[in-house]
Amino acid sequence: MSTAASIALVRPCLWFDRQGLEAATFYTELFRAAGKPASIDRVTYYGEGGHMPEGTELVVDFSLGGQALQALNAGPMFTFSPAVSLSVACADQREIDVFWERLAEGGQHGQCGWLTDRYGLSWQVAPAIIGDLMTGDAAASGRVMRAIMTMQKIDIATLVKAHRG
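Taking the working numbering, the leading residue of the sequence shown gets 1, the next gets one more, and so forth.
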């Protein structure tokens, strides 16, 4: 059992209607399948007198790639917006392909590496080298940005080629 001392100081809390455990399970299985650390660390439940039936999952504490998160089952009052997204920094094209395809199952593809998953949560699936490609030479950064704007799923080889001119 974790202690208060081992809980991350800051962790995003994701508001779900009732799918928090389902979503956390989906995300952790995906990250593990991609060879990344992920775990469901703790599940708390509504007790008697809560606004959901006793025994319903209340909060699911989980981690993805070392980032602590919470899934809160609190009803349909609030939903996700693209104003907040989770970003996955992928090491190579294979990782981009795996995360992009699995996260988009039941969701929808966006532009520039963005997608919305089946739960309505927005994700950015991008190469870890994107910052390197976008810093330094303004002309190279511009070419990379123009290339990104034509993509849904990011293609690293195309970005590297654009950077080189």
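Backbone N, C-alpha and C define an ideal beta-carbon position, used for all residues, glycine too. Since the structure is predicted, the reported quantities are computational estimates derived from the model, not experimental observations.
Query                                                                                                                                                                            : Result
With DSSP as the reference, identify every bridge partner of HIS109, one or two as the case may be.                                                                              : LEU115
Whole angstroms are fine: how far does the CA of ILE130 sit from the CA of THR158?                                                                                               : 12 angstroms
Starting from LEU103, follow the alpha helix (DSSP H) in both directions and report where the run begins and ends.                                                               : 93 to 104
Which same chain residues, not among the five before or five after GLN93, have their C-beta less than 6 angstroms away from its C-beta?                                          : ILE156
Label GLN108 either buried or exposed according to how many other C-beta atoms from any shown protein chain fall within 10 Å of its C-beta, with 16 as the threshold for buried. : exposed
Go ahead and label HIS163 buried or exposed: buried means 16 or more other beta carbons lie within 10 angstroms of its beta carbon, across all protein chains shown.             : buried
Using only the alpha-carbon positions, how far apart do ALA38 and ARG143 sit?                                                                                                    : 35 angstroms
Could you check whether the Cβ of LEU133 sits closer than 8 angstroms to any Cβ belonging to chain B?                                                                            : Of the protein chains in the structure, only one exists, and it is not chain B.
Return the residue from the list MET77, GLY65, VAL160 and ILE154 that minimises the CA-CA distance to TYR27.                                                                     : GLY65
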